[in-house]
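Since the structure comes first, as structure tokens, the remarks are kept for the end.
Residue numbers (my numbering): 3 to 123.
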């Protein structure tokens, strides 16, 4: 199975999402913010799905996605935002950057597990 990268500055959310996915047999790594996430995607060509928060220090999630697509020229990794943000402008920016999905917290793992499996495959 391909690797999933969970990017969130909240250790509680990071641990909850990563723990749920690992418990369901998926290979998961974590990153503490967009800058860390970008570095891990660059260093790990096996990452197939990034699940990221939007609002984080150092680099926000949308900037990270724009850099994955632009600087890394990586269009194969799927990105899903998991955030408290629900503004249409933010979603439009995400869509323009190539975000595949937008999930408003709280995280409900059972509802998205099969979708995450497909996107990571």
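The beta carbon of each residue, even a glycine, is placed where N, CA and C say it ideally should be.
Counting along the chain, the unbroken beta strand (DSSP E) around residue 29 starts and ends at 29-33. According to the DSSP secondary-structure assignment, residue 80 is paired through a beta bridge with 51. The DSSP-derived three-state label of residue 9 is strand. The segment 60-79 and the segment 102-114 do not touch, with fewer than 3 CB-CB distances between them shorter than 8 Å. Residue 16 and residue 5 have their C-alpha atoms some 15 Å from each other.
When C-alpha distances from residue 97 are compared across 80, 116, 9, the shortest belongs to 80.
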